[in-house]
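The structure under discussion appears below in the form of structure tokens.
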Amino acid sequence: MGAHHTLEIELNNKLTLGKERWDAMHLQELDEATDVHKTSEVAVLLMEAGLANFHLLTAVLAKDVHRVSLALPKKRATTTNYDKALVRFFEQVYQGIKDHVNLDLVKCVLLAGPGFVKDDFLSWMIQKATQSGDTLVLQKKSNFVSVHASCVHKQALKELLSDEQVQKSIANTKAAAHLKALEEFYVMVQREPDRVCYGPKQVFEAIEKCAVQTLMVVDSLFRNANVKLRRQYVDMVENARDQGATCQIFSSQHVSGEQLQKLSGIAGVLRFPLPEIGDIDSDAGLSDAGADDDGQKGQELDVDDFM
């Protein structure tokens, strides 16, 4: 852990890497890396009249997943034919979103282009979803963001993603689910403190009792230099998932992850009260009942620090 190696691999040469133990988190990352639909949290639709290019973005790539192209008649004194064709185009784009963008996973959909078609489509889409009772689109409508782009071709992605306002929109939207989970945790701390746990020892005991409803873990715990400790955290996530808990992995690079790190990097909301868990030091490490793995003693949770 923490070691770096350099290896020169020539074009068309095959390289095989071996690993002694593949735990569930490693296998999940490999599975997600091979299917952009499972890992992408940002979708970009580059749009102009009659043309829409769909892209899904991950941390390492941008993949073209769909294209809608429809010839539109020129605008004349009467725009009836043009308006009808534009509606057909919008309907195809709408269906493309339904077929190629997993709105349950994607946290931000950028509608980008040089003109006003993207804005017109966004208004039309919300109206369409309202009329047809499309609850998923209506629930996720705040995830759709209209932004300017100089063109509708793939090179516009670099322009978009370097824009500070776009970066802020993506970061805030992607972390919205995590921030909501944290907010629910803090509310539970105030209303039903016996239905929360935080710190490795408390969470471990709650999972042992099949009590965890929502588990929140910061990703830095899976990069701990202690191999045994890393495996213990992985096992905790696996066990919680097997029990039907919702597991959310927070990025240590985002404000939501920073807040979770103040809770030792791991916390949970419980299905039922466990008052005895409050007697466990919240900062006690998994292998050490009196101090965490950095030797730091635990402290009482002050909700005001996080609200």
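Here the sequence shown is numbered in full-length UniProt numbering, starting from 1 and rising by one per residue. Idealized CB from N, CA, C, for every residue including glycine.
Would residue i pass as a contact of residue j if the rule is Cβ separation under 8 angstroms?
i      : j      : result
Val101 : Val109 : yes
Glu208 : Ala24  : no
Leu45  : Ala112 : yes
Leu161 : Ser146 : no
Ala267 : Phe185 : yes
Glu48  : Val166 : no
Thr58  : Thr39  : yes
Phe54  : Gly18  : no
Ile277 : Cys197 : yes
Would you kindly work out how many angstroms separate the C-alpha atoms of residue i and residue j, rounded to a whole number?
i           : j      : result
Lys84       : Asp99  : 23 angstroms
Asp219      : Val234 : 11 angstroms
Glu205      : Pro275 : 12 angstroms
Lys128      : His66  : 21 angstroms
Leu136      : Ala211 : 30 angstroms
Lys154      : Pro114 : 13 angstroms
Leu138      : Ala225 : 44 angstroms
Phe222      : Arg231 : 8 angstroms
Arg271      : Lys140 : 27 angstroms
Glu20       : Gln248 : 27 angstroms
Gln131      : Ala240 : 40 angstroms
His37       : Leu56  : 8 angstroms
Lys228      : Phe89  : 55 angstroms
Asp293      : Pro193 : Its pLDDT being 41, under 50, Asp293 is placed unreliably by the model, and the measurement read from it follows with that caveat. Those two C-alpha atoms are separated by around 25 angstroms.
Val87       : Glu183 : 40 angstroms
Val189      : Thr79  : 59 angstroms
Pro273      : Asp35  : 39 angstroms
Leu7        : Leu30  : 21 angstroms
residue 316 : Asn81  : The chain is shown from 1 up to 307; residue 316 falls before or after that span and cannot be answered.
Trp124      : Glu91  : 9 angstroms
Pro73       : Asp134 : 30 angstroms
Ala62       : Glu159 : 13 angstroms
Ile170      : Asp120 : 21 angstroms
Ala22       : Met236 : The residue asked about is misnamed: residue 22 is Trp in this sequence, not Ala. Straight-line Cα distance between these residues: approximately 15 angstroms.
Gln28       : Ser69  : 35 angstroms
Asp163      : His26  : 33 angstroms
Ala291      : Ser251 : Low local confidence applies: a pLDDT of 38 at Ala291 is under 50, so the model's placement there is unreliable, and no value is given.
With distance defined between alpha-carbon atoms, name the residue in the options nearest to residue i.
i      : options                        : result
Leu43  : Lys19, Trp22, Asp104 and Gly50 : Reading off the sequence shown, one finds Ala at residue 43, where the question assumed Leu. Selected option, being the one with the closest Cα: Asp104.
Thr246 : Ser252, Met216 and Met188      : Met216
Val269 : Glu159, Val187 and Trp22       : Val187
Ala156 : Trp22, Ser251, Asp31 and Asp64 : Asp64
Gln243 : Phe250, Gln213 and Leu86       : Gln213
Use the C-beta contact count for residue i: other C-beta atoms within 10 angstroms, 16 or more gives buried, fewer gives exposed.
i           : result
Glu168      : For the record, residue 168 in the displayed sequence is Lys; it is not Glu. Label assigned to Lys168: exposed.
Leu51       : buried
Arg191      : exposed
Ser264      : buried
His5        : exposed
Phe116      : exposed
Asn143      : buried
Arg195      : buried
Glu41       : buried
Lys14       : exposed
residue 332 : Nothing can be reported for residue 332: it is not among the residues displayed for the chain, which extend from 1 to 307.
Thr118      : The displayed chain sequence assigns Lys, not Thr, to residue 118. The residue is buried, with at least 16 neighbouring Cβ atoms inside 10 Å.
Lys107      : buried
Ile9        : exposed
Gln296      : For Gln296, the pLDDT reaches just 36, beneath the cut-off of 50, and the residue's location in the model is therefore unreliable, leaving the point undetermined.
Is there at least one non-hydrogen atom of the ligand ZN closer than 7 angstroms to the beta-carbon of residue i?
i     : result
Thr80 : Because no ligand of any kind appears in the structure shown, any question about the ligand ZN cannot be addressed here.
Within 8 angstroms (strictly less), CB to CB, does residue i reach chain B?
i      : result
Thr135 : This model lacks chain B altogether, as it is built from one protein chain only.
Indicate whether the contact test is met: 3 or more Cβ pairs, each with one atom in the segment 253-260 and one in the segment 174-189, closer than 8 angstroms. yes
Any contact between the segment 269-282 and the segment 200-207? By contact I mean 3 or more CB pairs, one from each, below 8 angstroms. Flag = yes, the segment 269-282 and the segment 200-207 touch.
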